[in-house]
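Reading through the structure tokens given below for one structure.
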Amino acid sequence: MTDMTDKSRVLIFDTTLRDGEQSPGATMTHSEKLEIAEMLDVMGVDIIEAGFPIASEGDFAAVSEIAKRADRAVICGLARAKAGDIERAWEAVKHAGRPRIHTFIGTSPSHRAITGMTMDEMADSIHDTVSLARNLCDNVQWSPMDATRTEDDYLCRVVEIAIKAGATTINIPDTVGYTAPAESGDIIKMLLERVPGADEIIFATHCHNDLGMATANALAAVDAGARQIECTINGLGERAGNTALEEVVMAIKVRNDIMPYHTDIDTKKIMAISRRVATVSGFPVQYNKAIVGKNAFAHESGIHQDGMLKNAETFEIMRPEDIGLSETSLVMGKHSGRAALRAKLENLGFSLADNQLKDVFVRFKELADRKKEIFDDDLVALMNTSSGRPLEGELKLESLRVVCGTEGPQTAEMVLSIGGERHEVTATGDGPVDATFNAIKKVFPHGARLQLYQVHAVTEGTDAQATVSVRMEEEGKIVTGQSADTDTVVASAKAYINALNNLVVRREKTAPA
Ligand code: KIV
Ligand code: ZN
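The numbers in my numbering rise by one with no breaks, and the one at position 242 of the sequence shown is 927.
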């Protein structure tokens, strides 16, 4: 149990699997959710919001399984202010050693108008739903959604009701990313001063990043007395996202002189989980993103490099090792052995069973034959490219040859297997990628629409691998696919096939009405 008599302790509540996954296109598979939850638990996250159990059978199954597997973190399930939601959330989280129900209702004037409730009716509903949650679970979090646009008096009134009904954590969401740091702090201060019983519970801050102030707003709330920060890895989340876990945690660590708080996060695990979340969500991290961006520790200008060589502290306020980036990312070439590969992958946050290592080693050797130097990022791309036998009915690229020229159209000759059956196909298109995608569509007709096609060079040089991400949508179902290869067109074909496979095998995800 966390010692909350320690007034400088800030709890980290991660909602990557709920608010993050809710972001259109960021859908994760069941096994990806379990994997991310385990990484969050191991890195020291205090509370994992594992999903919205009433939203779908898939969400319910993921929250239940995460609850069963969690080692140390509190496992939380979200519920609207409805008995059915709250009971369903409890059914899912009750398996956890430390379960929590999180229930919410929109309290601002526009949210009240949507529900059609008067202030008094909503106050009664808050009393009833928080009481119901508390009768099921002794750890209950309540959120007045859109708190930062709720009238002060009404906010104080409903927070008091929720505390009296048994809420142990009160979360103050800035649902539309509207607040600013001074105001974010003032709201917490006001609640602590005006609400009876406020000093008996924990205040949480939940900020969205629409105006780019989510991290500053969360830290201002902590300065005012909040002791739980709600955040996501890479700031994943609807619209401009949520407060980024890595930003608040590192800000507290680096500027502890002016923010004398501490979290339980093992910061050395930040980079590995950031990479994994970027892959499974299909949302790449922007190059200049604070803490986890590819350029966050790159010093390219002459003046910077000179200063860095003389004394790293000249330009570096934190060390790459602090977030789990190794000092040098140059790893190995084709003569490197299996033990070295295992050690390097462990260092990057991947622990592999012997049979997995065997498969990765074969692919590593293939890559090393094509590419002289293999960097950390190459290995991460290799790990994030699915391998192994396709599942029943799945598509697999057997071979691809594309004929290009200044005079179009381009032609793709492909062998594609579906559930093990080989199909040979030729198609043309407006460019090599278009021709390739047309070839796939010829063999496997589908109505999915390509929403996003993105190519990134993993490292420098003309022999660099390309990572390709695609996002596809069919009847409201959105999936992503990724692949990496030294040949951009092959990576594109594999990413597209990967997304189609996800569309075929993934469970339906339905939003709550
Ligand atoms: O942003 C928000 O208001 C939320 C609530 C459900 C807590 O995510
Ligand atoms: Zn939110």
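Idealized CB from N, CA, C, for every residue including glycine.
Bridge partner(s) assigned by DSSP for C892: D859
What is the rounded straight-line gap between the Cα of T952 and the Cα of V1065? 19 Å
Do you know how far the Cα of G882 is from the Cα of I872? 16 Å
Inter-residue Cα distance where the pair is S810 and I846: 10 Å
For M956, which residues of its own chain have a beta-carbon under 6 Å away from its beta-carbon, when the five flanking residues on both sides are left out? I1008, G1009 and L1010
Alpha carbon to alpha carbon, what distance is there between T1171 and D630? As shown, the chain starts at 686 and ends at 1198. That puts residue 630 outside it, with no answer to give.
Please tell me whether, using a cut-off of 8 Å, the distance from the CB of L696 to the nearest non-hydrogen atom of the ligand KIV is below it. no
R1192 to I1163, Cα distance in whole Å? Unreliable placement is indicated for R1192, whose pLDDT of 41 sits below 50; the coordinate value is still reported in the next sentence. Whole-angstrom Cα-Cα distance: 11 Å.
My output table needs one value for S810: the three-state DSSP class, helix, strand or coil. helix
A975 versus T1113: straight-line alpha-carbon distance, rounded: 42 Å
Which residue from S1021, D1061 and K1057 puts its Cα closest to that of F1046? S1021
Under 9 Å, do A752 and A777 count as touching if we go by C-beta distance? yes
So what does DSSP say about T1113, is it helix, strand or coil? strand
Which residues does DSSP pair with R765 in a beta bridge? F789
Near the ligand KIV: L840 beta-carbon under 8 Å from a heavy atom: no
Can you tell me which of Y1181, N1186 and A1151 puts its alpha carbon nearest to the alpha carbon of T1173? A1151
How many Å lie between P794 and G1105 at the Cα? 58 Å
Beta bridge counterpart(s) of P784 as assigned by DSSP: I760
What distance in whole Å lies between the Cβ atoms of N919 and A865, which are believed to be in contact at a cut-off of 8 Å? Their Cβ separation, rounded to whole angstroms, is 23 Å, which puts A865 and N919 out of contact at 8 Å.
Scan the stretch 1121-1178 and note each continuous alpha helix (DSSP H) run of 4 residues or more that stays entirely inside, going in chain order. none
When you compare the CB positions of T1206 and S1177, do they come within less than 9 Å of one another, or not? Nothing in the structure corresponds to residue 1206, since the chain is present only between 686 and 1198.
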